[in-house]
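*Asks:* In this note's numbering, the protein residues as written are 167 to 277.
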């Protein structure tokens, strides 16, 4: 989590310099995803099976509901230990190819 936090801090600093207004949304997931505050995201321990598509789907939902593409430049980043249920990979590909990549100007994955 330390490496992920460093990456997110650097990305946020870059975005704050580039854009007048920035908002950060933290989404964590195991077998289900939820939007949380920064403290919870970096410090709360939660266990359970990893289903990455739940996090991607929540990211898509938040973007579509609150950040219209014609009003926002979307920069998304995901940090992971690389674990995911094998049966979830096709769903992840569908969410990335079918929705998230067309909604985002930038998408980073850090493992």
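Note that the Cβ used here is the ideal one computed from N, Cα and C, for glycine as well. Just so it is clear, the structure is predicted and the values come from calculations on it, not from any experiment.
#1: Taking the straight line between their C-alpha atoms, what separation do you get for residue 224 and residue 259?
#2: With distances taken Cα to Cα, identify the nearest neighbour of residue 275 among 248, 269 and 264.
#3: With H, G and I counted as helix, E and B as strand and the rest as coil, what does DSSP make of residue 197?
#4: May I ask which residues mark the beginning and end of the alpha helix (DSSP H) holding residue 170?
#5: Cα separation between residue 186 and residue 257?
#6: Between 177, 207, 167 and 217, which lies nearest to residue 250 when the distance is taken from Cα to Cα?
#7: Considering only C-alpha positions, which residue in the set 190, 219, 177 and 238 is nearest to residue 196?
#8: Any idea which residues DSSP pairs residue 273 with across the strands?
#9: How many Å lie between residue 210 and residue 272 at the Cα?
#10: Work out the CA separation of residue 264 and residue 206 for me, nearest whole Å.
#11: Quick one: what's got a C-beta closer than 6 Å to residue 199's C-beta in the same chain, skipping five residues either side?
#12: Quick one: what's residue 192 bridged to in DSSP?
*Replies:* Quick look at the numbers:
#1: 15 Å
#2: 248
#3: coil
#4: 168-184
#5: 35 Å
#6: 217
#7: 219
#8: 242
#9: 27 Å
#10: 30 Å
#11: 193, 220, 221 and 224
#12: 202
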